[in-house]
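For what it's worth, my numbering labels the leading residue of the sequence shown as 22, then goes sequentially. Below is one structure; the comments refer to it alone.
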Amino acid sequence: MPARSRLVPLALPVELRTLLRGLGQVLLQPHAGTGAGVLAGLLLADPALGCAALAGTAAANIAALLTGGAKGGSSVLGSGSRQAGMADANASTRSTGTGPLGIDAATNAAGGNARQSGPANAVPTKTAAARPTHAAPRAADGSGGDARQTDLADMALGLHGYSGALAALAAVALIPDRSQAFAIALIAAMLAGALYRPIAHGLARRGGGAYSLPAVIATACWLPWFMPAAVSHAGAWPGAPAVLSGAALAAFAQAAFASGRLPGLFLLAGLALASPRAAGLGLLGALLGSVLLLAAGGTDTRSAGACAAGLLGYNGALAAIALAARGPRIALAGALGASLLHLLALRLGLPPFSAPFAIAANLVRIASRESVAPSSSAAPATPRAPAPPLATTPHHELRPPR
Numbered sequence: 022m023p024a025r026s027r028l029v030p031l032a033l034p035v036e037l038r039t040l041l042r043g044l045g046q047v048l049l050q051p052h053a054g055t056g057a058g059v060l061a062g063l064l065l066a067d068p069a070l071g072c073a074a075l076a077g078t079a080a081a082n083i084a085a086l087l088t089g090g091a092k093g094g095s096s097v098l099g100s101g102s103r104q105a106g107m108a109d110a111n112a113s114t115r116s117t118g119t120g121p122l123g124i125d126a127a128t129n130a131a132g133g134n135a136r137q138s139g140p141a142n143a144v145p146t147k148t149a150a151a152r153p154t155h156a157a158p159r160a161a162d163g164s165g166g167d168a169r170q171t172d173l174a175d176m177a178l179g180l181h182g183y184s185g186a187l188a189a190l191a192a193v194a195l196i197p198d199r200s201q202a203f204a205i206a207l208i209a210a211m212l213a214g215a216l217y218r219p220i221a222h223g224l225a226r227r228g229g230g231a232y233s234l235p236a237v238i239a240t241a242c243w244l245p246w247f248m249p250a251a252v253s254h255a256g257a258w259p260g261a262p263a264v265l266s267g268a269a270l271a272a273f274a275q276a277a278f279a280s281g282r283l284p285g286l287f288l289l290a291g292l293a294l295a296s297p298r299a300a301g302l303g304l305l306g307a308l309l310g311s312v313l314l315l316a317a318g319g320t321d322t323r324s325a326g327a328c329a330a331g332l333l334g335y336n337g338a339l340a341a342i343a344l345a346a347r348g349p350r351i352a353l354a355g356a357l358g359a360s361l362l363h364l365l366a367l368r369l370g371l372p373p374f375s376a377p378f379a380i381a382a383n384l385v386r387i388a389s390r391e392s393v394a395p396s397s398s399a400a401p402a403t404p405r406a407p408a409p410p411l412a413t414t415p416h417h418e419l420r421p422p423r
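This is the structure:
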């Protein structure tokens, strides 16, 4: 019998995969499919937002190369793409019951010569300690080689580009004049890309992660000069009805500074491609935040319009996604904390952006690390051999030390 012809899978260029993973990190997933959903939603909402996201991701990567000491010419992205590719490949294999999908994409980032054999969810035979995404790079052991490899792996996972994408989206979404907006967007994106590494290193000492904090800091640098325009833009749809089902979808669009239910649906579909569990918890977090802030703000037209536009639920959605691997209770508790911080920022007259979710997620991670820290006791603990990293370590989850 003649042999069946096999279809060759579509192989995207390394640079394009890195850009798409940076966009996927807007929803905390280092997955090119999630990035494609984010890009589609942005282009549908406003083509300028899609262009700003791509330009900001590229600018942040360039800034990270110039300031982080990662060198290597044309092999800069290629050297880290093999480890990051696990995240994309694993998403096609559905995980049942333990959290987001597949192998932690940053496993063996520093010494990435070990190859995976067997099924997609098998435990790697030779790996370094698993370092999930949005955890800071590990310190090098004396030489700069390990740190440089870790930086390249972070870049291939989209962690630097994610900060730049958010910073650029904020500028284009909040500044009316497009020429000024894109100029500031590129500067803010490069600043956010340069800030990611020191912020991530500092928070990792306590068990936290950078999340969107570099982009928030970069946005705060120019926001005082454009505060009136930014505030008026954030109050869109003043007379829209507060429909919670639509508000949950719109909240996903607001996570990328877009508006509308259909763009939010594209972002949700991209998230579900990488992790259906995170997508479900994100919807619940968006509903929880919308209901809480709508009840706290009363039933006037302004709060109802903000709810329908998704402006009240996006921090709850992001917090639930970030903590989805820890279970529904902790994820929804993080969403509740992020929503309360969002409400506090509004009461103080401050634009919340995504800072409430980043603070709430870090507080949960730091608290969980402190809760498992060894306490002083009379009997010394019996030493035991460290367990190999699990292949189902979820993205954005930081395993505390034993």
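Even for Gly, the Cβ is constructed at its ideal location relative to N, Cα and C. In this text, all values refer to a predicted model and were calculated from it rather than measured experimentally.
* Where serine 233 sits in the DSSP three-state scheme -> For the purposes of this step, residue 233 is taken as the residue at position 212 of the sequence shown. Serine 233: coil per DSSP, three-state reduction.
* To do: Leaving aside the five residues before and after alanine 300 along the sequence, list all residues of the same chain whose C-beta is less than 7 Å from its C-beta, in chain order.
  => Numbered from its first residue, the sequence shown carries residue 300 at position 279. A distance below 7 Å between beta-carbons, with the five flanking residues on each side excluded, links alanine 300 to the following residues of its chain, in chain order: Leu289, Leu292, Ala293.
* Asked: Exposed or buried, which one is arginine 38 when buried takes at least 16 other CB atoms within 10 Å?
  -> Within the sequence shown, numbered from 1, the residue matching residue 38 stands at position 17. Around the Cβ of arginine 38, a 10 Å sphere holds 16 or more other Cβ atoms; the residue is buried.
* Asked: Ordered along the chain, which non-local residues of its own chain (more than five positions away) have a Cβ less than 8 Å from that of phenylalanine 287?
  -> The residue given as residue 287 occupies position 266 in the sequence shown. Answer for phenylalanine 287: Gly58, Val59, Ala61, Gly62, Leu65, listed in chain order.
* **Contact the region 264-273 vs the region 296-316: 3+ CB pairs below 8 Å** => Result yes; three or more Cβ-Cβ pairs closer than 8 Å.
* DSSP on glycine 306, reduced to helix/strand/coil? -> Along the sequence shown, read from residue 1 onward, the residue named residue 306 stands at position 285. Here glycine 306 carries a helix assignment [DSSP, helix/strand/coil].
* Among residues of its own chain, excluding the 5 on either side of arginine 227, which ones have a beta-carbon nearer than 6 Å to its beta-carbon? -> For this step, residue 227 is matched to residue 206 along the sequence shown. Excluding the 5 residues flanking it on each side, arginine 227 has same chain C-beta neighbours closer than 6 Å at Ile387, in chain order.
* To do: Could you pull out every residue in the same chain whose Cβ sits closer than 6 Å to the Cβ of alanine 327, ignoring the five residues on either side in sequence?
  => Within the sequence shown, the letter at position 306 stands for residue 327. In chain order, Leu333 place their CB closer than 6 Å to the CB of alanine 327, counting only its own chain and leaving out the 5 sequence neighbours on each side.
* To do: Let me know the alpha helix (DSSP H) ranges lying completely inside the region 50-74, each 4 residues or longer, listed in chain order.
  => Every alpha helix (DSSP H) stretch that sits fully inside the region 50-74 and reaches 4 residues is listed by chain position as 53-66.
* With contact counted as at least three CB pairs below 8 Å, one residue from each stretch, are the region 186-198 and the region 65-75 in contact? -> The way I'd put it, the region 186-198 does touch the region 65-75; three or more beta-carbon pairs between them come closer than 8 Å.
* Rounded to whole angstroms, what's the CA-CA distance from leucine 41 to histidine 52? Just pull it up for me. => Looking up residue 41 in the sequence shown gives position 20. Looking up residue 52 in the sequence shown gives position 31. Cα to Cα, leucine 41 sits roughly 7 Å from histidine 52.
* Count the CB pairs spanning the region 232-241 and the region 195-214 that are closer than 8 Å, and state whether there are at least three. => Because the criterion of three Cβ pairs below 8 Å is met, the region 232-241 and the region 195-214 touch.
* To do: Just the C-alpha distance for leucine 178 and glutamate 36, rounded to the nearest angstrom, thanks.
  => Translated into the one-based positions of the sequence shown, residue 178 becomes position 157. Translated into the one-based positions of the sequence shown, residue 36 becomes position 15. Inter-residue distance for leucine 178 and glutamate 36 is about 11 Å (C-alpha atoms, whole angstroms).
* Look at the alpha carbon of arginine 152 and the alpha carbon of leucine 308, and state the distance between them as a whole number of angstroms. => Locating residue 152 in the sequence shown gives position 131, where the first residue counts as 1. Locating residue 308 in the sequence shown gives position 287, where the first residue counts as 1. Because the pLDDT of arginine 152 is 42, which lies under 50, any placement of that residue in the model is unreliable, and the number read from its coordinates should be weighed accordingly. Approximately 31 Å between the Cα atoms of the pair.
* Starting from glycine 348, trace the alpha helix (DSSP H) both ways and give me its first and last residue. => By one-based count along the sequence shown, residue 348 stands at place 327. According to the DSSP assignment, glycine 348 belongs to no alpha helix (DSSP H), since it is labelled neither H nor E.
* Sort Gly355, Pro235, Leu315, Pro297 by Cα distance to serine 389 and report the nearest one. => The residue given as residue 389 occupies position 368 in the sequence shown. The residue with the shortest Cα to Cα distance from serine 389 is Gly355.
* Can you tell me whether aspartate 175 is buried or exposed, with buried defined as 16 or more other CB within 10 angstroms of its CB? -> Translated into the one-based positions of the sequence shown, residue 175 becomes position 154. Label assigned to aspartate 175: buried.
* Asked: With 16 other CB atoms within 10 Å as the buried threshold, where does proline 235 fall?
  -> Position 214 of the sequence shown, counting from 1, holds the residue named residue 235. So proline 235 counts as buried.
* Asked: Relative to the alpha-carbon of alanine 382, which residue among Leu364, Pro373, Arg368, Leu357 has its alpha-carbon at the smallest distance?
  -> Taking the sequence shown and counting its residues from 1, one reaches residue 382 at position 361. Checked all of Leu364, Pro373, Arg368, Leu357; the closest Cα to alanine 382 is Leu357.
* Are there 16 or more other CB atoms within 10 angstroms of the CB of glycine 281, so buried, or fewer, so exposed? -> On the sequence shown, position 260 is the one that residue 281 refers to. By the 10 Å Cβ count, glycine 281 comes out buried.
* To do: From the DSSP output, in three-state form, read off alanine 276 for me.
  => As a first step, residue 276 is located in the sequence shown; it is residue number 255 there, counting from the start. Here alanine 276 sits in coil by DSSP.
* For serine 311, the three-state DSSP class (helix, strand or coil) -> In the sequence shown, counting from the first residue as 1, residue 311 sits at position 290. Serine 311 falls in the helix class under three-state DSSP.
* Asked: Should glycine 229 and asparagine 82 be called a contact, given that it needs their Cβ atoms to be closer than 8 Å?
  -> Position 208 of the sequence shown, counting from 1, holds the residue named residue 229. Position 61 of the sequence shown, counting from 1, holds the residue named residue 82. Cβ atoms of glycine 229 and asparagine 82: not closer than 8 Å.
* Asked: Are phenylalanine 378 and alanine 340 touching if we call contact CB-CB under 8 Å?
  -> Residue numbering aside, residue 378 sits at position 357 when the sequence shown is read from its first letter. Residue numbering aside, residue 340 sits at position 319 when the sequence shown is read from its first letter. Yes, the Cβ-Cβ distance between phenylalanine 378 and alanine 340 is below 8 Å.
* To do: Kindly list the residues whose CB is nearer than 7 Å to the CB of asparagine 336, restricted to its own chain and excluding five residues on each side of it in sequence; keep chain order.
  => Looking up residue 336 in the sequence shown gives position 315. Counting only Cβ-Cβ distances below 7 Å, and skipping sequence neighbours, we find Gly310, Ala359, Ser360, His363, Pro373, Ser375, Pro377, Phe378.
* Asked: To the nearest angstrom, how far is it from the Cα of leucine 369 to the Cα of leucine 314?
  -> On the sequence shown, residue 369 is found 348 positions in, with the first residue counted as 1. On the sequence shown, residue 314 is found 293 positions in, with the first residue counted as 1. Here the C-alpha atom of leucine 369 lies approximately 14 Å from the C-alpha atom of leucine 314.
* To do: Quick one: residues in its chain with C-beta nearer than 8 Å to the C-beta of valine 385, no 5 flanking neighbours on either side, listed in chain order?
  => Residue 385 sits at position 364 when you count from the first residue of the sequence shown. The beta carbon of valine 385 sits closer than 8 Å to the beta carbons of Leu344, Arg347, Ile351, Ala354, Gly355, Gly358 from its chain, once the five residues preceding and following it are set aside; these are given in chain order.
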